[in-house]
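One structure is given here, and the rest of the page talks about it.
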Amino acid sequence: MFSDESFDAVGFPSCWKTERELQDEGIQTTVTSYSEQESQSSVSKCVETQTDNVQPELMMAENVDYDKLAAFLSCICPKVITELDKMSRSRAFDGYEPIEDDADGGVRKLHTLQVPNITSQSKMKVSSLSWSCTGAVVAFACSHSEHESWCDHSGNVHLFNINRQDFSDSAPSKTLETRSCVTSLSAHPYEPSILAAGTFSGEVLIWNLQKDDDCLISSSANVPGAHRDAVSQVSWVRNLDPTQQWPVLVSAGHDGRVLVWQIGTHSGTIQLREGFVILLEHIKYTGPGKSVPSPVGGAGIDMELGVTCFSFTAQDLTTFVVGVDGGGLLLCSTVAAKPAPVHSEVPLKDPVLNAFEKHQGAVTCIQCSLHHKNMFISCGTDSEIRIYHTEQVTPVQIIYVEGGVVGLEWSLAHPDLFAAWGTISGCVDFYNLWTGKVIPSLKLPAFDKPTLISIVRSNPHSHQLVGVGDMNGRVVVWQQPSYKDDK
Amino acid sequence: MASEVEETMKRIQSHKGVVGTIVVNSEGIPIKTTMDNTTTVQYAGLISQLSDKARSVVRDLDPTNDLTFLRIRSRKHEIMVAPDKEFILIVIQNPTE
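This is the structure we're talking about:
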């Protein structure tokens, strides 16, 4: 009954342990490449130079025969003493006042050029004037004063060679005809036979005056991307491309486009190289806290803004300032341009970098200084002349001109002077940049009947000559005295 | 001899109204001067040229004639030039008002 029982051990595998499967797998990271580069902060050295106030060496003559010198002096001394005594006792010059040297003084009218107007009844004004680079030929365009909507007139450009002996005041040496009124002229900076013009219909024309029969060598009329509205200004700008010999022609129009044209040196063909467009959005941000309300009609911000004038800085040929409708002044750059969201035949870029404080009226003229770095002057219909520095948004100085001012130009004779015209009195005043005051000795007086002056240009060759065109179709060439700062 | 030269120069220099005295040789190089370097060099060069031209004018008009004095009167000074074969004496004087 009580027996030992032993049971078999029962075993069962535990189920929580599962056989792990093993597999061999190899991985390899990609080879990391090493390279060594050394860099070193640059060490700067400071070097100062100073010009020396050079006193000319007084090279006293050597091997002087003192005997001869003594003899000479003892011989001449009494005579000299006598003369000196006579001089001090002399009454020859009593009450003698030398006449002020008038040879250099005063403004002189040299020529009055006017082409008799027999074809048209309405008043013709001189819309643009340009001297050839040699200073011998003055080209001016007569156009109608008022255009209602579109220009149906044919324009004329008259060329007078004032250095020729058979020069006549009323007969131009050449007359060029255009299909519409010319708004701007610009002579080539070093090729005296090339003349460029912009017209009311948006054409940019190039003439080669050496050709006998047809001077027109190219026109932008059929080039895609050309202006669709009146051209406000054309200017030759030095080419940054070293392979091209000629400067480029830059034209700005009321359609908001600033176009850069390449003119072939020998063929004269015109090619659009770059196009820029000024968009309405830039005029919105005109100053701290100020914003222009969007125009009536709901024009979008990608509308173009008409350009009234432009000027390239002389030191940095990629920077330029434009004046737009509404009085804005914008700083632009040809290299820092972004593609513009505008539909057009050719890709256009938006060059605007910054906006300056705007004029209260339309900007009629901008001129960058040739000598002073980063300074430019502008004038507008608000009768103000403003002097700006490109790095400052507000103007450095504002000069208020009674009677209005239409245009400005830097004087080629003196780096600190600029001419302003357009007042009702019909005079051309010269201002000093630093003082902001008019220089009375250089003022060009009005004609017999005061008329508004439309354009003034200095002769690039003879800096004393200034050509003045007025609203009656007359051009007067004045000679000015030289101006010296009274310091 | 040098002292005689100095004495004569002093005599002229101390005369009434004399601003400066310069002695120049025939090549236009100053020998003796009472004025500063820059002015002397200027006067020497310019006056010797003018004096040569004036002398040639006189001699061209009449070969037996010769230039004795050349006086240039300006608003501020009178310059008196006494030329010789080898030297030129330049005296700058203030005219009495």
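For the protein sequence lines, the chains are A and B, in the order given. Mind the numbering: the first sequence is residues 691 to 1177 in the numbering used here, read in order. Mind the numbering: the second sequence is residues 2 to 98 in the numbering used here, read in order. The beta-carbon is built from N, C-alpha and C at its ideal position, and this holds for glycine as well.
Check                                                                                                                                                                                                                       : Outcome
Residues in its own chain within less than 6 Å of A/Leu1188 by CB, not counting five upstream and five downstream?                                                                                                          : Missing from the structure shown is residue 1188 of chain A; chain A here goes from 691 to 1177 and no further.
In three-state terms, what does DSSP make of A/Cys765?                                                                                                                                                                      : helix
Using 8 Å as the cut-off, can you tell me whether the region 29–36 of chain B makes contact with the region 769–788 of chain A, which would need three or more C-beta pairs spanning the two stretches below that distance? : no
Between which two residues does the beta strand (DSSP E) carrying A/Ala1110 extend?                                                                                                                                         : 1107–1111
Check whether the Cβ of A/Ala760 lies closer than 9 Å to any Cβ atom in chain B.                                                                                                                                            : yes
Over what stretch of residues does the alpha helix (DSSP H) that includes B/Arg60 continue unbroken?                                                                                                                        : 38–62
Taking its Cβ as the centre, do 16 or more other Cβ atoms sit within 10 Å of B/Met81, making it buried, or is it exposed?                                                                                                   : buried
For A/Met1065, which residues of its own chain have a beta-carbon under 6 Å away from its beta-carbon, when the five flanking residues on both sides are left out?                                                          : Ser1059, His1079
Return the chain-ordered list of same chain residues with a C-beta closer than 6 Å to the C-beta of A/Ala925, the five sequence neighbours on each side being excluded.                                                     : In the sequence as displayed, the identity of residue 925 of chain A is Ser instead of Ala. Hits under 6 Å: Ser876, Val940.
Beta carbon of A/Asn846, beta carbon of A/Thr873: below 9 Å?                                                                                                                                                                : no
Can you tell me whether A/Tyr880 is helix, strand or coil according to DSSP?                                                                                                                                                : coil
Nearest-angstrom Cα distance between A/Leu1107 and B/Pro64?                                                                                                                                                                 : 53 Å
Kindly give me the distance between the Cβ atoms of A/Gln1057 and A/Ile1067, rounded to whole angstroms, as I take these residues to be in contact under 8 Å.                                                               : 6 Å
Classify A/Glu1074 as helix, strand or coil using the three-state DSSP reduction.                                                                                                                                           : strand
Identify the contact partners of B/Asp67 in chain A, using a Cβ-Cβ distance below 9 Å as the criterion.                                                                                                                     : In chain order: nothing, as chain A lies at least about 14 Å away.
Taking B/Ala55 as the query, report the chain A residues whose CB atoms sit under 8 Å from its CB, ordered along the chain.                                                                                                 : The contacting residues do not exist; B/Ala55 stays about 16 Å from chain A at best.
Consult DSSP for A/Gln1169 and reduce its assignment to one of helix, strand or coil.                                                                                                                                       : strand
With 16 other CB atoms within 10 Å as the buried threshold, where does A/Met691 fall?                                                                                                                                       : exposed
State the DSSP-derived secondary structure class of A/Tyr756, mapped to helix, strand or coil.                                                                                                                              : helix
Do you know how far the Cα of A/Lys1039 is from the Cα of A/Val913?                                                                                                                                                         : 18 Å
Listing by chain order, which chain B residues have their CB less than 9 Å from the CB of A/Ile769?                                                                                                                         : In the sequence on display, residue 769 of chain A carries Lys and not Ile. Here the neighbours are Thr69, Phe70, Ala83.
Reducing DSSP to helix, strand and coil, say where A/Thr855 ends up.                                                                                                                                                        : The sequence given here places Gln at residue 855 of chain A; Thr does not occur at that position. DSSP places A/Gln855 in coil when its eight states are reduced to three.
Please decide whether A/Leu875 counts as near chain B, where near means a Cβ-Cβ distance under 9 Å.                                                                                                                         : no
In chain A, which residues lie less than 7 Å from B/His16 when you measure between Cβ atoms?                                                                                                                                : Ile771, Leu774
Can you give the beta carbon distance from A/Asp1015 to A/Ala1045, rounded, assuming they're within the 8 Å contact cut?                                                                                                    : Actually they are not in contact, since the Cβ atoms of A/Asp1015 and A/Ala1045 sit about 14 Å apart, beyond 8 Å.
Quick one: is A/Leu854 buried, meaning 16 or more other Cβ sit within 10 Å of its Cβ, or exposed?                                                                                                                           : The question names Leu, but residue 854 of chain A in the sequence shown is Arg. Counting Cβ neighbours within 10 Å, A/Arg854 comes out exposed, since fewer than 16 surround it.
Could you tell me if A/Ser981 is buried or exposed, where buried requires 16 or more neighbouring beta carbons within 10 angstroms of its beta carbon?                                                                      : Summary for A/Ser981: the model assigns pLDDT 48, below 50, so the residue's position carries little reliability, and this model does not support an answer.
What are the start and end residues of the beta strand (DSSP E) that includes B/Ile13?                                                                                                                                      : First-last for B/Ile13: 3–14, but that is the alpha helix (DSSP H), not the beta strand (DSSP E).
Under the rule that 16 or more other beta-carbon atoms within 10 Å means buried, what is A/Thr933, buried or exposed?                                                                                                       : exposed
Below 9 Å between beta carbons: does that hold for B/Leu90 and B/Val25?                                                                                                                                                     : yes
Nearest-angstrom Cα distance between A/Pro937 and A/His843?                                                                                                                                                                 : 31 Å
Which same chain residues end up closer than 7 Å to A/Thr802 when comparing Cβ atoms and leaving out the 5 residues on each side of it in sequence?                                                                         : Asp859, Arg1164, Val1166
Once DSSP output is grouped into helix, strand and coil, what is the label at A/Ile771?                                                                                                                                     : helix
Find the nearest neighbour of A/Glu867 within the set A/Phe890, A/His848, A/His944, A/Ala861, judged by alpha-carbon distance.                                                                                              : A/His848
Would B/Leu9 pass as an interface residue toward chain A - the criterion being a Cβ-Cβ separation below 9 Å?                                                                                                                : For the record, residue 9 of chain B in the displayed sequence is Thr; it is not Leu. Taking Cβ atoms only, chain A reaches closer than 9 Å to B/Thr9, which makes this a yes.
Under a Cβ-count criterion, where at least 16 other Cβ atoms within 10 Å of its own Cβ denotes burial, should A/Phe1010 be classed as buried or exposed?                                                                    : buried
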